[in-house]
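Asks:
There are 2 protein chains.
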Amino acid sequence: MTVQPKPRPGKRINDPEGMRKKVLDVAEDAFQARGYHASSIGDLMAAADVSGGALHHHFATKKALALAVIDERVAAAVEETWIAPVLAAASAREGVRAVFEAVAAELEQQGFVRGCPLNNLAHELSLADPDFRIALAGIFAGWRRAIADKVRADQQAGRDEGTDPERFAALTVAAYSGAMSMAKTAQDAGVLRDCLAGLERSAPSQGGSVARRRNRILPRPRTP
Amino acid sequence: MTVQPKPRPGKRINDPEGMRKKVLDVAEDAFQARGYHASSIGDLMAAADVSGGALHHHFATKKALALAVIDERVAAAVEETWIAPVLAAASAREGVRAVFEAVAAELEQQGFVRGCPLNNLAHELSLADPDFRIALAGIFAGWRRAIADKVRADQQAGRDEGTDPERFAALTVAAYSGAMSMAKTAQDAGVLRDCLAGLERSAPSQGGSVARRRNRILPRPRTP
DNA sequence: GACAAAACAGGACAACCGGTCTGTTTTACA
DNA sequence: TGTAAAACAGACCGGTTGTCCTGTTTTGTC
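Protein chains in written order, with this note's numbering: chain A, 1 to 224; chain B, 1 to 224.
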C-alpha cells in the first residue's frame with residue numbers, strides 16, 4: 001500500500017545502499033517463500049520496483065545475489081534467533097528450550113510455517129554449487145559451535161557435567177532443523193514442541209503429565 | 001556404457017511399463033541430485049533416452065511426474081530404509097540405532113551425501129503446491145507412526161515404559177532429517193553418529209567412551 | 001564548473017522452458 | 001484379418017529465463 005507513486009520524470013535520487021537493501025529484502029523473502037530456482041530475477045525486479053540495470057549493478061549475477069542473501073541475511077537470522085538467545089540464556093539447555101518455544105509460539109501465532117531459512121536454501125543449493133555449499137556449511141558450523149561453547153561454559157561453572165558438548169549441539173541443531181522440515185510440510189508447528197519434549201527427556205526436574213497432541217492445519221499458506 | 005545402440009529403423013517394441021519405470025528412475029535420480037526446478041524435462045528425456053511424446057504419454061505434466069516420484073519412489077525409500085528395518089528390529093530404540101549406523105556407513109562408503117529424498121523434495125515443493133505438500137506430509141506421518149507404533153509394541157511387552165511414543169518418534173525423525181541436512185551441506189556423514197549418540201544419551205546400559213570426532217571432506221560430489 | 005566514475009534505466013537477445021500437436025507404429029481384441 | 005486404441009516419435013510454439021548492452025542521470029572530486 002505504501003508504494004511510492006513518484007515516477008516524477010524530472011528528479012532522481014541515487015541511494016545505492018537503500019537500493020541494495022531493498023533488493024536483498026525482496027530476495028531474502030522470495031528465496032524463503034518460493035526457493036531460489038522458482039524466483040526469477042524478473043519477479044524480484046518487479047517486487048522490489050527496481051530496474052534490471054540497477055539490480056545488475058549491485059549484483060552481477062543471480063548467484064552473487066544468493067550468496068549475498070546467505071552471507072548477510074541467513075547468517076544474521078541464525079545469529080538473531082539462535083546464537084544470541086542461547087548465549088544470553090542462563091544455560092545452554094535453558095536457551096535451547098526458550099528458542100524452541102519462542103519459535104513455536106511465533107509460528108502458531110502467524111498461522112503458517114515457512115521453514116528455516118538456512119535449511120530451505122541448504123537443501124536446494126548445497127549440491128548445486130560448491131560456493132553455496134561452503135557458505136551454508138559455515139553457518140551450520142557456527143550455529144553448532146555456539147551451542148557447544150555454551151555447554152562448555154556451563155560445565156566450567158559446574159553444571160551439566162554429563163553432557164557431551166559437540167553431541168548436544170549436533171542433536172539440538174538437527175532436531176530443530178528436522179522439526180522445522182516437518183512443521184513446514186505439515187503446516188503444523190506442534191512437532192516443535194514434541195521434539196523439545198523429547199530433547200528434554202533426560203534432563204532432571206522434569207515433571208508434569210503428557211500434554212496431548214495438537215493438530216492444527218493452518219489456513220493461509222501464503223500472502224498474495 | 002551399456003547403452004542400446006539399436007535405433008534399428010525397421011523395428012520397435014512397445015514396453016509401456018519399462019518406459020514408465022525408466023522415466024521414473026531418471027526423474028527420481030535427477031530430483032534427488034539437482035532438485036525439481038533445476039531438472040528440466042529435456043534433461044530427463046535425454047538421460048532416459050525417451051522421446052517427448054513417450055514421456056508425456058505416461059506423465060501429462062512435470063507435476064504429475066513429480067507426484068508419481070513422491071508416491072511411488074520416495075515413499076518406498078522411506079519404507080525400505082526406515083519403516084521395515086525398525087519394525088523388524090528387536091526394539092524401537094535398537095531399530096533406530098541400526099538405521100542411523102547403516103545409513104552413516106553407507107554414506108561414508110559411497111563418499112558423498114545426497115541427502116534424504118523426502119526432505120530434499122519436502123523443502124523445495126511443500127510450499128510450491130498443496131498437492132505436493134499433502135503427499136509429502138503423508139509420508140512423514142507414516143514414518144512417525146511406524147516408529148511410535150513400534151514403541152507401543154515394546155511397551156506392551158514390558159520394555160521402555162518411560163518413553164512417550166509420539167515424542168520419541170517425532171524426535172527421531174527430526175534428528176535424522178536434520179542430521180541429513182547437515183551431512184549434505186557439510187558433505188560429512190559424521191554428524192549422523194553425533195546425533196545418534198545424543199539420542200541414546202538417556203538410554204540405560206550405555207557404556208563406552210566418547211568416539212572422537214571425525215572430519216571427512218568428501219572428494220566427489222557428483223558423478224558426470 | 002569540468003569531468004570521470006558511480007548509479008541507474010530499459011530494451012534486446014539467445015537459450016531454454018514446459019506443453020501441445022500431428023503423424024506413425026505397435027498391440028490388443030473381435 | 002481388420003480395426004481401434006494404445007504407445008511412441010519428433011517437430012513446433014509461445015512464454016520465460018538470466019544476462020548483456022547502450023545510453024542517461026546523478027554524484028564525488030579537483
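Note that CB positions come from ideal geometry on N, CA and C, so glycine has one too.
Pop quiz: methionine 182(A) and valine 113(B) are said to be a contact at Cβ under 8 Å. What is the actual Cβ separation, rounded to whole angstroms?
Replies: For the purposes of this step, residue 182(A) is identified with residue 182 of the first sequence, where counting begins at 1. For the purposes of this step, residue 113(B) is identified with residue 113 of the second sequence, where counting begins at 1. About 20 Å separates the two Cβ atoms, so there is no contact after all.
Asks: Among Phe140(A), Leu171(A), Ala92(A), which has the Cα closest to the Cα of glutamine 156(A)?
Replies: Here residue 156(A) is taken as the residue at index 156 of the first sequence, counted from 1. With distances taken between Cα atoms, glutamine 156(A) lies closest to Ala92(A).
Asks: At a Cβ threshold of 8 Å, is phenylalanine 100(A) touching chain B?
Replies: As a first step, residue 100(A) must be located in the first sequence, where it is residue number 100. No - not a single Cβ of chain B is within 8 Å of the one on phenylalanine 100(A).
Asks: I'd like to know whether the C-beta atoms of leucine 192(A) and alanine 122(A) end up nearer to each other than 8 Å.
Replies: Working through the first sequence from its first residue, we reach residue 192(A) at position 192. Working through the first sequence from its first residue, we reach residue 122(A) at position 122. Contact flag unset, no.
Asks: Please confirm if threonine 185(B) has its CB atom under 8 Å from at least one CB of chain A.
Replies: Start at 1 with the first residue of the second sequence, and residue 185(B) comes out as number 185. True, the Cβ-Cβ gap to chain A drops below 8 Å.
Asks: Any contact between the stretch 136–153 of chain A and the stretch 176–190 of chain B? By contact I mean 3 or more CB pairs, one from each, below 8 Å.
Replies: A contact exists between the stretch 136–153 of chain A and the stretch 176–190 of chain B.
Asks: Taking buried to mean at least 16 other C-beta atoms within 10 Å of its own C-beta, is glycine 18(B) buried or exposed?
Replies: Here residue 18(B) is taken as the residue at index 18 of the second sequence, counted from 1. Exposed, since its Cβ has fewer than 16 Cβ neighbours within 10 Å.
Asks: Just the Cα atoms here: how many angstroms apart are leucine 171(A) and glycine 52(A)?
Replies: Residue 171(A) sits at position 171 when you count from the first residue of the first sequence. Residue 52(A) sits at position 52 when you count from the first residue of the first sequence. For leucine 171(A) and glycine 52(A), the distance between alpha carbons rounds to 44 Å.
Asks: Mind pulling the chain A residues with CB within less than 7 Å of glycine 115(B)?
Replies: In the second sequence, residue 115(B) corresponds to position 115, counting from 1. Under the 7 Å cutoff, chain A gives His123.
Asks: If we ignore side chains and look at the alpha-carbon of each, how far apart do glycine 35(B) and alanine 90(B) end up?
Replies: Looking up residue 35(B) in the second sequence gives position 35. Looking up residue 90(B) in the second sequence gives position 90. Those two C-alpha atoms are separated by around 36 Å.
Asks: Who are the near neighbours of alanine 179(A) in its chain, counting only those whose CB is closer than 6 Å to its CB and skipping five residues on each side?
Replies: Taking the first residue of the first sequence as position 1, residue 179(A) is located at position 179. Once the five neighbours on either side are set aside, the close Cβ partners of alanine 179(A) are Val191, Leu192, Cys195.
Asks: Leaving aside the five residues before and after lysine 11(A) along the sequence, list all residues of the same chain whose C-beta is less than 8 Å from its C-beta, in chain order.
Replies: To locate residue 11(A), count along the first sequence from 1; it is residue 11. Hits under 8 Å: none found.
Asks: Check this for me: beta carbons of leucine 67(A) and alanine 135(A), under 8 Å apart or not?
Replies: In the first sequence, counting from the first residue as 1, residue 67(A) sits at position 67. In the first sequence, counting from the first residue as 1, residue 135(A) sits at position 135. Cβ distance < 8 Å, so leucine 67(A) and alanine 135(A) count as in contact.
Asks: For the alpha helix (DSSP H) containing cysteine 195(A), list its first residue and its last residue.
Replies: The residue given as residue 195(A) occupies position 195 in the first sequence. Here the alpha helix (DSSP H) through cysteine 195(A) covers 190–199.
Asks: Cβ of serine 177(A) less than 8 Å from any chain B Cβ?
Replies: What you label residue 177(A) is simply residue 177 of the first sequence in a count that begins at 1. For serine 177(A), the answer is yes, since a Cβ of chain B falls inside 8 Å of its Cβ.
Asks: Consult DSSP for aspartate 29(A) and reduce its assignment to one of helix, strand or coil.
Replies: As a working note, residue 29(A) is residue 29 in the first sequence. Helix, per DSSP.
Asks: Excluding sequence positions up to five away, which residues of its chain have a Cβ less than 8 Å from the Cβ of leucine 127(A)?
Replies: Residue 127(A) sits at position 127 when you count from the first residue of the first sequence. The residues are Arg133.
Asks: Leaving out five residues before and five after proline 85(A) in sequence, what residues of the same chain have Cβ atoms less than 7 Å from its Cβ?
Replies: Position 85 of the first sequence, counting from 1, holds the residue named residue 85(A). Cβ neighbours of proline 85(A) beyond the five flanking positions: Gly95, Ala98, Val99.
Asks: Using a Cβ-Cβ distance cut-off of 8 Å, determine whether alanine 48(B) contacts chain A.
Replies: Position 48 of the second sequence, counting from 1, holds the residue named residue 48(B). Taking Cβ atoms only, chain A never reaches closer than 8 Å to alanine 48(B), which makes this a no.
Asks: In or out: alanine 64(B) buried (at least 16 other Cβ within 10 Å) or exposed?
Replies: If you number the second sequence from 1, residue 64(B) lands on position 64. Classification of alanine 64(B): exposed, given that the 10 Å Cβ count is below 16.
Asks: Grouping DSSP H, G and I as helix and E and B as strand, with all else coil, what is asparagine 14(B)?
Replies: Counting from one through the second sequence, the residue named residue 14(B) turns up at place 14. The answer is coil: DSSP assigns asparagine 14(B) none of H, G, I, E or B.
Asks: Could you check whether valine 23(B) and alanine 48(B) sit closer than 8 Å to each other, using their CB atoms as the reference points?
Replies: Here residue 48(B) refers to the residue found at position 48 of the second sequence. Here residue 23(B) refers to the residue found at position 23 of the second sequence. Result yes, Cβ atoms of alanine 48(B) and valine 23(B) sit closer than 8 Å.
Asks: Taking 8 Å as the cut-off, decide whether the C-beta atoms of alanine 175(A) and isoleucine 147(A) are in contact.
Replies: Taking the first residue of the first sequence as position 1, residue 175(A) is located at position 175. Taking the first residue of the first sequence as position 1, residue 147(A) is located at position 147. Not a contact, by the Cβ cut-off of 8 Å.
Asks: List the residues of chain B that leucine 136(A) touches, going by C-beta distances under 8 Å, in chain order.
Replies: As a first step, residue 136(A) is located in the first sequence; it is residue number 136 there, counting from the start. The contacting residues are Thr185.
Asks: State the Cα-Cα distance for the pair serine 39(B) and glycine 158(A), rounded to the nearest angstrom.
Replies: Translated into the one-based positions of the second sequence, residue 39(B) becomes position 39. Translated into the one-based positions of the first sequence, residue 158(A) becomes position 158. Rounded to whole angstroms, serine 39(B) to glycine 158(A) spans 53 Å at the Cα level.
Asks: Can you list, in chain order, the residues of the stretch 130–159 of chain A whose Cβ is nearer than 7 Å to any Cβ on chain B?
Replies: Here the close residues are Arg133, Leu136, Ala137, Phe140.
Asks: If you follow the alpha helix (DSSP H) that glutamate 108(A) is part of, which residue opens it and which one closes it?
Replies: In the first sequence, the residue the question calls residue 108(A) occupies position 108. Per DSSP, glutamate 108(A) belongs to the alpha helix (DSSP H) from 92–110.
Asks: Under 7 Å Cβ-Cβ, which residues of chain A neighbour phenylalanine 168(B)?
Replies: Position 168 of the second sequence, counted from the first residue, corresponds to residue 168(B). Residues of chain A passing the Cβ test: Gly198.
Asks: Looking only at its own chain, which residues have a Cβ that is under 8 Å from the Cβ of glycine 42(B), when we skip the five neighbours before and after it?
Replies: As a working mapping, residue 42(B) is identified with position 42 in the second sequence. Closer than 8 Å at Cβ, skipping near neighbours: no residue.
Asks: Can you pull the chain A neighbours of arginine 34(B), defined as C-beta to C-beta under 8 Å?
Replies: To locate residue 34(B), count along the second sequence from 1; it is residue 34. Per Cβ cutoff of 8 Å: Leu127, Ala128.
Asks: In chain A, which residues lie less than 9 Å from aspartate 71(B) when you measure between Cβ atoms?
Replies: In the second sequence, counting from the first residue as 1, residue 71(B) sits at position 71. Near aspartate 71(B) there are no residues of chain A at all, since even the closest Cβ is about 15 Å away, more than 9 Å.
Asks: Does any residue of chain A bring its CB to less than 8 Å from the CB of arginine 12(B)?
Replies: Locating residue 12(B) in the second sequence gives position 12, where the first residue counts as 1. Taking Cβ atoms only, chain A never reaches closer than 8 Å to arginine 12(B), which makes this a no.
Asks: Short of 7 Å in beta carbon distance, which residues of its chain neighbour glutamate 80(B), apart from the five on each side in sequence? Order them along the chain.
Replies: Start at 1 with the first residue of the second sequence, and residue 80(B) comes out as number 80. Once the five neighbours on either side are set aside, glutamate 80(B) has no close Cβ partner at all.
Asks: Any beta carbon from chain A within less than 8 Å of valine 78(B)'s own beta carbon?
Replies: By one-based count along the second sequence, residue 78(B) stands at place 78. No, no contact with chain A.
Asks: Go ahead and label proline 130(A) buried or exposed: buried means 16 or more other beta carbons lie within 10 angstroms of its beta carbon, across all protein chains shown.
Replies: By one-based count along the first sequence, residue 130(A) stands at place 130. Per the 10 Å Cβ criterion, exposed.
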